[in-house]
């Protein structure tokens, strides 16, 4: 993977983590971004070296998801199977879907297939293949609706 691709992949993973923190703790956006800039992105934590992330991309995804959350959640809800709701989804899964939906909606510079593939990779970091297929299905449906 090219350095820019690695930096964006790191930014996406960190964005999902930041969105999860925001959702669970209601951390103000400015504080959240500052914490990730200073203490997470590209840092060593518990002997794990975190990859350098494309900070502007990270900021755009986090701020964009938070700013457009109602619109994003409506798009995701519309693509869930009957009987499913956002509240039934795992909290990490929801953040992956929100970040992926934001990219499909607002980042025309990122090809549809690339956005879906990248969030599949993020899903694999947290879940097994079945859940990753779920992410693929929802984001593919969102992509067809918004692009």
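Numbering (full-length UniProt numbering), first residue to last: 1 to 147.
Backbone N, C-alpha and C define an ideal beta-carbon position, used for all residues, glycine too.
Quick caveat: nothing in here was measured; it's all calculated off a predicted structure.
Quiz item: Looking only at its own chain, which residues have a Cβ that is under 6 Å from the Cβ of residue 8, when we skip the five neighbours before and after it?
Solution: 54, 57
Self-check item: Local conformation of residue 92 per DSSP, three classes
Solution: helix
Practice problem: Would you mind stating whether residue 89 and residue 142 have Cβ atoms separated by less than 8 Å? | Solution: no
Self-check item: First through last residue of the alpha helix (DSSP H) which encompasses residue 69
Solution: 69-79
Quiz item: For the 8 Å Cβ check, are there 3 or more pairs between the segment 124-143 and the segment 92-105?
Solution: yes
Exercise. Grab me the residues of residue 94's own chain with a C-beta within less than 7 Å of its C-beta, minus the 5 sequence neighbours each way, in chain order.
Key: 86
Practice problem: Assign residue 115 to one of three DSSP states: helix, strand, or coil. | Solution: helix
Quiz item: Beta carbon of residue 22, beta carbon of residue 32: below 8 Å?
Solution: yes
Quiz item: From residue 79 to residue 96, what distance separates their C-alpha atoms?
Solution: 15 Å
Quiz item: Would you report the Cα separation of residue 144 and residue 71, rounded to the nearest angstrom?
Solution: 16 Å
Quiz item: Of the choices 42, 28, 25, whose alpha-carbon is the least far from that of residue 6?
Solution: 42
Exercise. Under 7 Å Cβ to Cβ from residue 120, same chain only, skipping five residues before and after it: list those, please.
Key: 132, 135, 136
Practice problem: Go ahead and pull the three-state DSSP assignment for residue 27. | Solution: coil
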